[in-house]
Structure formats: C-alpha cells, structure tokens
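Participant: These protein sequences, in sequence, are chains L and S. Letter 187 of the first sequence, counting from 1, is numbered 187 in my numbering, and no numbers are missing. Adding 1000 to a residue's 1-based position in the second sequence gives its number in my numbering. Backbone N, C-alpha and C define an ideal beta-carbon position, used for all residues, glycine too.
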Amino acid sequence: MTSRRDFLKTASAAALVAGAAQPLLSWAAEDFVPIPGKDGLIVRSSRFLDLETPVEFMTSWITPVNHFFVRNHMFEPAKFDAKAWQLSITGEVEKPLTLTLADLEKLSVHSIVNTVECAGNGRSLQNPKVPGIQWGKGAVGNARFSGPSMKTLLEKAGVKDTAKHVQFRGLDQVPGKVPPFIRSIPIDKAMDADTLVATKMNGAPLTAHHGFPARAVTPGWAGAASCKWLTEIAVLDKPAEGNFMNPGYRLPNTPVKPGEAVKPEDTHSVTALTVKSLIAAPCDGAKLRAHAYLIQGVAWAGEADITKVQISTDAGATWNEAKLGRDQAKYAWRLWNYSWKPAKSGDYVVFSRATDSQGRVQPEAPAWNPSGYLFNAYDQVKVNVQAQ
Amino acid sequence: MSKPSKSKLRKLRTIILTLAVFAAAAALAGESSSSSNDQLPAGPMQEKAVAACSTCHEARIIVQQRLSKPAWTKEVDKMIKWGAEVDPKDRDALIDYFSANFGSDQPAYAAPRSATQSTAQSKAKK
Chain L
1 MTSRRDFLKT ASAAALVAGA AQPLLSWAAE DFVPIPGKDG LIVRSSRFLD LETPVEFMTS
61 WITPVNHFFV RNHMFEPAKF DAKAWQLSIT GEVEKPLTLT LADLEKLSVH SIVNTVECAG
121 NGRSLQNPKV PGIQWGKGAV GNARFSGPSM KTLLEKAGVK DTAKHVQFRG LDQVPGKVPP
181 FIRSIPIDKA MDADTLVATK MNGAPLTAHH GFPARAVTPG WAGAASCKWL TEIAVLDKPA
241 EGNFMNPGYR LPNTPVKPGE AVKPEDTHSV TALTVKSLIA APCDGAKLRA HAYLIQGVAW
301 AGEADITKVQ ISTDAGATWN EAKLGRDQAK YAWRLWNYSW KPAKSGDYVV FSRATDSQGR
361 VQPEAPAWNP SGYLFNAYDQ VKVNVQAQ
Chain S
1001 MSKPSKSKLR KLRTIILTLA VFAAAAALAG ESSSSSNDQL PAGPMQEKAV AACSTCHEAR
1061 IIVQQRLSKP AWTKEVDKMI KWGAEVDPKD RDALIDYFSA NFGSDQPAYA APRSATQSTA
1121 QSKAKK
C-alpha cells in the first residue's frame, strides 16, 4: 500500500509535470505582455485591461493580488493624488456628504473575505458564441476586503424613506461616446453590514487595477456590482438607468434555447452569483504518470454556502464526494480536493459539480443567454493516465 | 552510500524531465518576440478598422470574437453609436471583413500571458 507520504510525493511530482509544465509551454508560444503587478495572467485585453487568472493558480484560499483577475470596462483613471480624492454621497439623503480618504480612514473598519466573479466568466464556453470579452474559466478570485461598511456612510448622510437603489460611479475614463459604467444595487443590499467601501485588499491599499483608493464591494454578487475607483454614491428612488443596467447585465426571466433572441422586457438584472466549482488540478489535457492523484479546485455560491462538491472520473456515470477545505467565510469560495486512484491507464473525463445551501446544483448544461452571463455548467477536464 | 532504489530513480527521472520542460519553455519564451497575434489581418478594410476601433481598445478585443454575421452587424452598429468613426459607405464592408476573419467557425484565439515589468525585462535580456 502507498503511504500518505509517498502519495503526496508522487502527487506533487505529477502536479509539477502535469500541472505546471503544460501551461508554461502554451505560455511560451506567445509574447509576454508586460503589465505592472500582474504575473502570469491570461491577457484577454491589455487596453482596456482585462486579465484572467489561470485555473491552475486556484489552489490557495486567498488569491494574491498579482494573480487576481482584472475586469475594466474603460480606461483606468490617470495617476492622481490620493489626498485630492473625494467621495460624495448624494441623492435621496438628508445631508449630502463629501468625504476624503482621511475621513474614510477614521471610520471603523470591517473586513470580509469575498469571492468576486465577473458576470461574463466562462463566456467563451457558451455555444453559440456571444460577443464580449471571451473569458475562459478564471475571471474569479477570492480576497479579503477591508474598509467601512457602506451602511455607516449612508447613515451619516441620512437615507430618506424614498430610497430604493444606490448608484455607484467610478473615476474610470470613458472614451468616445461610450456610455459611462454606472450601475446601482437595491438599498437593502447597500445597507447590509457586509457591503463595503473598501480601501484595502488582502491587507494592503487597493492597487490601481483594483480601484485605488476605494471601491464598492457588494459581497456574493457579480463583480459589476462592486464599482472601482468609487467617487460617487447616489441614493435613488428607482434603479439606475443606462447601458450597463439595461441592456447590459441582464438575464432572461425564463430559460431560452441557445441562440434565441430575448425581448428586453423579459429580462432582469444580474445580482448574486450562482453555484459553481472549478477544477484547478489536473489541467485539461494533462498526462498523469502516477497511480494516485489529488484532484483539487474551488467552489462558491454567491450569497449561499457550498454544502457539497462531487467529482466524477467517468464522465458523469458515478460521483464521489470531495473533501472541503478548512478555510471558510460567508461569501468566500471553499477549496476542495479528491484523492483519486485510477484503476487503470487510459483517457478520463473528470467532472466537478457543486451543491449549495439553497439546494442549487451546478447543472450539466449552462443556461445559455444572449450575453453569456453566469456560465456554471459542470467543470470538466480531460486527462490521460499512464499508471506506473 | 547505498544504491538508489528503483522508485528513487524514477522520481529523479521525473524531476529531470520536469526541469528539461521548464528549460525548453524558458528558451522558447526568450525567442518569441514577433509572434504577436493581436493585430487585425491584412485586407482592404484593415486600415479603416484600425482607425475606427483603436482609439478605444486594442485589436485583441476584436480578434478573440467568434461571431455570426448578424452578431457582427449588431456589434459594428453599437460601436458606431458609441463613437467609432466609420464612413457609412464602409459599414457593410467592415461587417464582411470581421465576419470573414472572426466568424463562428474559426478556431479559438490563443491569448498570451502577462508578466510584471521586471519579469518581462529579465526575459528580454536573456
């Protein structure tokens, strides 16, 4: 019998060959695009900046900032003096406020660990293809965000009874006649103690790519609800208007056939994330040269908790329960692993599927929609095993 | 020293193989400096497409799309509305150019990786 130590050694050697070497090779075939502070990410666009985290990086609970995905709709603000930055709270409030970074820093700090996923993550896996950044699997990451609760700021300004939605505007620079990236969230979500005006990410001040000096963090929701470079919070008596509320970031109210058109009146805004898991190791196409292998990955469910991750190594015929990682927090993903001992050499299709506390199960087929949002079909990798 | 066991030799072989793969990858990375696949392809509309699109975004955003002609029509019209300067008499040709080069039947775009400036510089020196 293989001892645990031997198993780990073999597994890590296999992980080196199968996990690390293959992406390096595909990586080597291309130029590197120099991007300050971002190492080894998949460049979906360098102007404006859209960077994806390769799934093989997703073996740590907290995603380091240099590996964290970036989704920008516009150009990042030009370098500015943080002392000159201001955040205004306006609209349906008793007493409009303007705060500086020093004012923010005087307020009590709340920290949450939150999995941020771009609504369009997995878009390239939709069939038929839909327009937009062609994200693979990795427009998602998990970080600790810290700053005052948005509620604290809103209470200082005194929210009127007429308040229904809270609109965010950032300092990103809008080219041409492109509509600005302005969206809103319902007042109840904005008043949740875990919704932040964050100034820190993983304990350090936000970097420019992640919204320096302050950003909204709307936990458990698609990334678009967490406006970066925040400069205005406007309390409204109705949802915000504009391209990024409608037609942008909307899902069909009822399932549609792949490729089918959807009328604007039959849609609703993307809000919380859905249930999903990803396989971080082995990589798709890996050649495993071991008789035991640790299948690893992450799973998250927006505002719900992950209750179970199952692995199939026979393309869905049978399922085995993975072990969930120890680290957990309300809006954070869970690491998981499954110790696999393939019975014989050959080609395998490995699936992962997560279940959450709301009873949602990751589906076999994605819910296709015209913008390719919230892709959450089973994750799958194909591997070849030559047991030694 | 005792003779290394068969399993130790096997592990050693794995490590050597791994190192060899890393070295090959590093060598390839050092050599590739002109394999940029983020450019719009040659064609009668290339210049006009660059002029219309590149004020706001790089060509890579176009190059990665795989869309039908009706979908390209919607995108081009949206971008004209958003400020892309396209002579009305060029609109149809531009849609044809994108549909022909970035249609739904084309193989997927292979995106490059990012490197921090220091990593990129040290790679360039090699």
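What ranges does the beta strand (DSSP E) occupy inside the segment 297-371 of chain L, keeping only unbroken runs of at least 3 residues that lie completely in it?
Facilitator: Positions of the beta strand (DSSP E) runs, each at least 3 residues long and wholly inside the segment 297-371 of chain L, are given as 306-312, 334-340 and 346-356 in order along the chain.
Participant: Should L:Glu155 go down as buried or exposed, given a rule of 16 or more other Cβ atoms within 10 Å for buried?
Facilitator: Numbered from its first residue, the first sequence carries residue 155 of chain L at position 155. L:Glu155 should be labelled exposed.
Participant: Go to S:Ile1095, then tell me how far its alpha helix (DSSP H) extends in each direction, as first and last residue.
Facilitator: Locating residue 1095 of chain S in the second sequence gives position 95, counting from the first residue. Where S:Ile1095 is concerned, the enclosing alpha helix (DSSP H) stretches over Arg1091 to Asn1101.
Participant: With DSSP as the reference, label S:Met1079 as helix, strand or coil.
Facilitator: By 1-based counting over the second sequence, the position of residue 1079 of chain S is 79. Note: S:Met1079 maps to helix in three-state DSSP.
Participant: Three-state secondary structure (DSSP) at L:Leu104?
Facilitator: Against the first sequence, residue 104 of chain L aligns to sequence position 104. In this structure, L:Leu104 counts as helix in the three-state DSSP scheme.
Participant: What does the alpha-carbon distance come out to for the pair L:Ala225 and L:Pro264?
Facilitator: Counting from one through the first sequence, the residue named residue 225 of chain L turns up at place 225. Counting from one through the first sequence, the residue named residue 264 of chain L turns up at place 264. Taking the straight line from one Cα to the other gives about 20 Å.
Participant: Looking at chain S, which residues of the segment 153-179 of chain L have a Cβ within less than 9 Å of any of its Cβ atoms?
Facilitator: Pro175, Gly176, Lys177, Val178 and Pro179
Participant: Straight-line CA distance for L:Val383 to L:Arg326?
Facilitator: Locating residue 383 of chain L in the first sequence gives position 383, counting from the first residue. Locating residue 326 of chain L in the first sequence gives position 326, counting from the first residue. L:Val383 and L:Arg326 have their alpha carbons spaced roughly 27 Å apart.
Participant: Let me confirm a value: L:Lys38 is counted as buried when at least 16 other C-beta atoms fall within 10 Å, else exposed. Which label applies?
Facilitator: Your numbering for residue 38 of chain L matches position 38 in the first sequence. Flag for L:Lys38 reads buried.
Participant: CB S:Trp1082 to CB L:Gly176, shorter than 8 Å?
Facilitator: Stepping through the second sequence from its first residue, residue 1082 of chain S is reached at position 82. Stepping through the first sequence from its first residue, residue 176 of chain L is reached at position 176. Against a cut-off of 8 Å, the Cβ pair of L:Gly176 and S:Trp1082 comes out as a contact.
Participant: Give the residues of chain S in contact with L:Pro128, contact being defined as C-beta atoms less than 8 Å apart.
Facilitator: On the first sequence, position 128 is the one that residue 128 of chain L refers to. Neighbours of L:Pro128 on chain S, chain order: Ser1068 and Ser1104.
Participant: Spell out whether any CB of chain L is found under 8 Å from the CB atom of S:Ile1095.
Facilitator: Locating residue 1095 of chain S in the second sequence gives position 95, where the first residue counts as 1. No, because no Cβ of chain L sits closer than 8 Å to the Cβ of S:Ile1095.
Participant: Between the alpha carbons of L:Ala29 and L:Asp50, how many angstroms are there, rounded?
Facilitator: Locating residue 29 of chain L in the first sequence gives position 29, counting from the first residue. Locating residue 50 of chain L in the first sequence gives position 50, counting from the first residue. Legend: pLDDT at L:Ala29 = 43, less than 50; position of this residue unreliable, no value from coordinates given.
Participant: Since L:Val306 contacts L:Asp356 with CB under 8 Å, what's their CB separation in whole angstroms?
Facilitator: To locate residue 306 of chain L, count along the first sequence from 1; it is residue 306. To locate residue 356 of chain L, count along the first sequence from 1; it is residue 356. For the sequence presented, residue 306 of chain L should be read as Ile rather than Val. Confirmed, Cβ separation roughly 6 Å.
Participant: Classify L:Phe375: buried if its beta carbon has 16 or more other beta carbons within 10 angstroms, exposed otherwise.
Facilitator: In the first sequence, residue 375 of chain L corresponds to position 375, counting from 1. By the Cβ-count criterion, L:Phe375 is buried, with 16 or more other Cβ atoms from all chains shown falling within 10 Å of its own Cβ.
Participant: How about S:Gln1046: is its C-beta nearer than 8 Å to some C-beta of chain L?
Facilitator: Position 46 of the second sequence, counting from 1, holds the residue named residue 1046 of chain S. Answer no: the Cβ-Cβ gap between S:Gln1046 and chain L never drops below 8 Å.
Participant: Just how far apart, CA to CA, sit S:Arg1079 and L:Phe181?
Facilitator: On the second sequence, position 79 is the one that residue 1079 of chain S refers to. On the first sequence, position 181 is the one that residue 181 of chain L refers to. Just to set this straight, residue 1079 of chain S is Met in the shown sequence, not Arg. Distance between the alpha carbons of S:Met1079 and L:Phe181 is about 16 Å.
Participant: Is there a Cβ of chain S sitting closer than 8 Å to that of L:Leu41, yes or no?
Facilitator: Against the first sequence, residue 41 of chain L aligns to sequence position 41. Taking Cβ atoms only, chain S reaches closer than 8 Å to L:Leu41, which makes this a yes.
Participant: Output yes or no for whether 8 Å exceeds the beta carbon distance between L:Leu107 and L:Trp85.
Facilitator: Counted from its first residue, the first sequence places residue 107 of chain L at position 107. Counted from its first residue, the first sequence places residue 85 of chain L at position 85. In this structure, L:Trp85 does not lie closer than 8 Å to L:Leu107 by Cβ.
Participant: Which residues mark the beginning and the end of the beta strand (DSSP E) in which L:Gln167 is found?
Facilitator: By one-based count along the first sequence, residue 167 of chain L stands at place 167. Per DSSP, L:Gln167 belongs to the beta strand (DSSP E) from His165 to Gly170.
Participant: Is L:Phe244 closer than 8 Å to L:Arg183 when the C-beta atoms are compared?
Facilitator: Counting from 1 along the first sequence, the entry for residue 183 of chain L is found at position 183. Counting from 1 along the first sequence, the entry for residue 244 of chain L is found at position 244. Yes. Within cutoff.
Participant: Check whether chain L comes within 8 Å of S:Cys1056, counting only Cβ atoms and requiring the distance to be less than that.
Facilitator: For the purposes of this step, residue 1056 of chain S is taken as the residue at position 56 of the second sequence. Residue contact with chain L for S:Cys1056: present (Cβ-Cβ distance below 8 Å to some residue of chain L).
Participant: From the beta carbon of L:Pro64, is the nearest beta carbon of chain S less than 8 Å away?
Facilitator: Counting from one through the first sequence, the residue named residue 64 of chain L turns up at place 64. Chain S contact via Cβ: absent.
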